[in-house]
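Below: one structure, written as structure tokens.
Protein chains: 2
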Amino acid sequence: MSEPSPGLVSAAIQAITQHIRSEGLAPGDPLPSEAAMTRQLNVSRTVVREAFRSLSAMRLIDMSAGRRATVAKLDTGAMSMVIEHGITTQQISVQQVYDVRRTIEMRTVALAALRRTDQEAAAISRSARLMRENFRNPEAVMEHDIAFHEAIAAASHNPVFSLIVTAFSGVTRRTWVIGWRTRSSDEAQLKMIKGHEDIADAILKGDPRLAAEHMAEHFDKSVKALIDAGIA
Amino acid sequence: MSEPSPGLVSAAIQAITQHIRSEGLAPGDPLPSEAAMTRQLNVSRTVVREAFRSLSAMRLIDMSAGRRATVAKLDTGAMSMVIEHGITTQQISVQQVYDVRRTIEMRTVALAALRRTDQEAAAISRSARLMRENFRNPEAVMEHDIAFHEAIAAASHNPVFSLIVTAFSGVTRRTWVIGWRTRSSDEAQLKMIKGHEDIADAILKGDPRLAAEHMAEHFDKSVKALIDAGIA
DNA sequence: GGTAGCAACCTGTCATACAGGCTTTAGGGA
DNA sequence: TCCCTAAAGCCTGTATGACAGGTTGCTACC
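Just so you know, the sequences run in chain order D and Y.
Note that the working numbering numbers the first sequence so that position 35 is 23, with each residue one more than the last.
Note that the working numbering numbers the second sequence so that position 155 is 143, with each residue one more than the last.
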């Protein structure tokens, strides 16, 4: 991927990912030690370390002192960093993120309705219930809200959806409270929570169309709330 | 984002991203030098360098010899690495990627039909035309195919969509030829190219519904081709 | 006033050193 | 013989110093 940007570190990164590929390594499998890689590539340990560290920052590998680096399980680390970077440098707007979320979650919710296990349906319902039970504590409501959406993505049984949805959670944490505040009355806030319960019920019933409808409504109201609050 | 994984490097990464945020830096703006960061954080240059290098690997910053690091424009580098990692370690399947692509591109194509400039519409049509003109050269067809989808994402005027679509391009490059081969006859191959032209025309006409329909058809046939080829 | 060249700064890479975590193994005790 | 302990040997985390080569800005000369 991308040109061999002139640099030993980039080459080392390629070599490591190439090693994972050619050896067919799975998550948890150990990688060569830094010393071994140093000899193999004939570069200094500095270069090899920077390569390992870069992959670790992207969460493609796990590093810890004393142990060799291992292949990592799929993790949203890098993706959320990219999204957050885009937001903080104003290259993407919160509204644009919500449009993407809406697009994706209209699908995850439908898939969840079709594929969810009973356990997954229960987890989704539980998050919705916890939103209501904690509704005097915005922080808690937010966390259950986020968990709700991630649980739906997980129930879609497509880890790529989970990856993307989870990557957006960081942005959500920074803007959620704004939307909450625009729902100034208890009534408005409870209505928003009701929306989540409706989604959970539709998933429980296994009705993808209904679930998608409720999800669409939820997003439309959320975006409206953000716009009312002046988020460009 | 994520726990302060015990480590000076992680702390340094946080400090740098925090600096970008608090100073409100925009793409192209320079970051502190390694030496400055070394003093500020009171750690060795080794640590600071690994932090910078990690951010550079994620394409959040640009580094080059002699110059200070600068804030980077939005780039798909990290995301495509994550996706490729998921594929090569068999944590996600090609079919799952296609499902996500279908979901997203059904939206980008509709947005493109509504928002595209004349220039963007022309670029999309051109890619489709180049597919036909080069159709004896699979490699070229593939590249124009990829460019076609990226152009549509760009015309959606939502960089997050572009980011995601482009992140998938690497996977496409590895599997595209498989789908092409299952279309064994010239007729079948030209039919697939016709599908792209239909999409381009719908975008040109500004008909989002028609564009989405053609896109759906395109993906359904592509997925079918992959399944026929035995891609799990 | 303009320009060439030098000085200062910056990143890229290397070598070395040492602290501290982990694993394995050898040895001793039961 | 078996188990348990402790030391040895790898391994990563961090620090320091050095030098090459690129970049930039300033200075002094023309």
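Backbone N, C-alpha and C define an ideal beta-carbon position, used for all residues, glycine too.
Item to check | F149/Y: contacting residues in chain D (beta-carbon distance under 9 Å) | outcome: Q84, D87, V88, T91
Checklist entry - In terms of residue numbering, what span does the alpha helix (DSSP H) encompassing Q107/D cover? => result 106 to 121
Checklist entry - the stretch 56 to 77 of chain D: which residues have C-beta closer than 9 Å to a C-beta of chain Y, in chain order? => result V59, A60, K61, L62, D63, T64, G65, A66, M67, S68, M69, V70, I71, E72, H73, G74, T76, T77
Item to check | Proximity test, Cβ basis, 8 Å: S42/Y and chain D | outcome: So yes, S42/Y belongs to the interface.
Item to check | Chain-ordered chain Y contacts of L48/D [CB-CB under 8 Å] | outcome: M69, V70, H73
Next on the checklist: Is it the case that the stretch 147 to 157 of chain Y contacts the stretch 84 to 100 of chain D, given that we only count it when at least three CB pairs across the two stretches are under 8 Å?
Outcome noted: With a cut-off of 8 Å, the stretch 147 to 157 of chain Y and the stretch 84 to 100 of chain D count as touching, because enough Cβ pairs lie within range.
Checklist entry - With 16 as the cutoff for other CB atoms within 10 Å, does T105/Y come out buried or exposed? => result By the neighbour-count criterion, in which 16 or more other beta carbons inside 10 Å mark a residue as buried, T105/Y falls on the exposed side.
Next on the checklist: Check this for me: beta carbons of G158/D and S68/D, under 8 Å apart or not?
Outcome noted: yes
Checklist entry - How would you list, in chain order, the residues of chain D whose beta-carbon sits under 9 Å from the beta-carbon of P80/Y? => result One point to set straight first is that residue 80/Y is Ile, not Pro, in the sequence displayed. Close partners of I80/Y in chain D (Cβ separation under 9 Å): L62, N146, P147, V148, L151.
Checklist entry - So, using beta-carbon positions, are R47/Y and G65/Y closer together than 8 Å? => result yes
Checklist entry - Of all the residues that make up the stretch 2 to 14 of chain D, which are near chain Y by a beta-carbon distance shorter than 9 Å? => result T5, I8, R9, G12, L13, A14
Checklist entry - Hey, is D106/Y close to the ligand HEM, as in C-beta under 7 Å from one of its heavy atoms? => result As for the ligand HEM, it is missing from this structure, which has no ligand bound.
Checklist entry - Does the beta carbon of A23/Y come closer than 8 Å to any beta carbon on chain D? => result Using beta-carbon distances, A23/Y does not count as an interface residue toward chain D, since no partner is under 8 Å.
Checklist entry - Closer than 8 Å, CB to CB, is A45/D near chain Y or not? => result yes
Next on the checklist: By DSSP's criteria, T76/Y is part of a beta bridge. Which residues make up the other side?
Outcome noted: T76/Y is not bridged to any residue.
Next on the checklist: Beta-carbon within less than 8 Å of E108/Y's beta-carbon, same chain only, minus the 5 sequence neighbours each way: which residues are those?
Outcome noted: A100, A139, A142, A143
Item to check | V165/Y at chain D interface by Cβ criterion, 8 Å | outcome: no
Item to check | Neighbour flag for E(-9)/Y against chain D, beta carbons, 8 Å | outcome: Because the pLDDT of E(-9)/Y is 41, which lies under 50, any placement of that residue in the model is unreliable, and the number read from its coordinates should be weighed accordingly. Closer than 8 Å: no.
Next on the checklist: What does the Cβ neighbour count give for E11/D, buried or exposed, with the cut at 16 atoms within 10 Å?
Outcome noted: Result: exposed.
Checklist entry - Quick one: what's D50/D bridged to in DSSP? => result Residue pairing of D50/D in beta bridges, as defined by DSSP: T58/D.
Item to check | Where V(-3)/Y meets chain D, residues with beta-carbon distance less than 9 Å | outcome: R41, S44, A45
Checklist entry - Given that E131/Y touches chain D, what residues does it touch there, using C-beta distances under 8 Å? => result Chain D residues near E131/Y: none, gap ~15 Å exceeds 8 Å.
Checklist entry - Exposed or buried, which one is I4/D when buried takes at least 16 other CB atoms within 10 Å? => result buried
Checklist entry - By how many angstroms is the C-alpha of E175/D removed from the C-alpha of D63/Y? => result 42 Å
Item to check | Interface residues of the stretch 91 to 108 of chain Y facing chain D [CB-CB below 7 Å] | outcome: T91, I92, R95
Item to check | CB contact below 8 Å: R124/Y versus chain D | outcome: no
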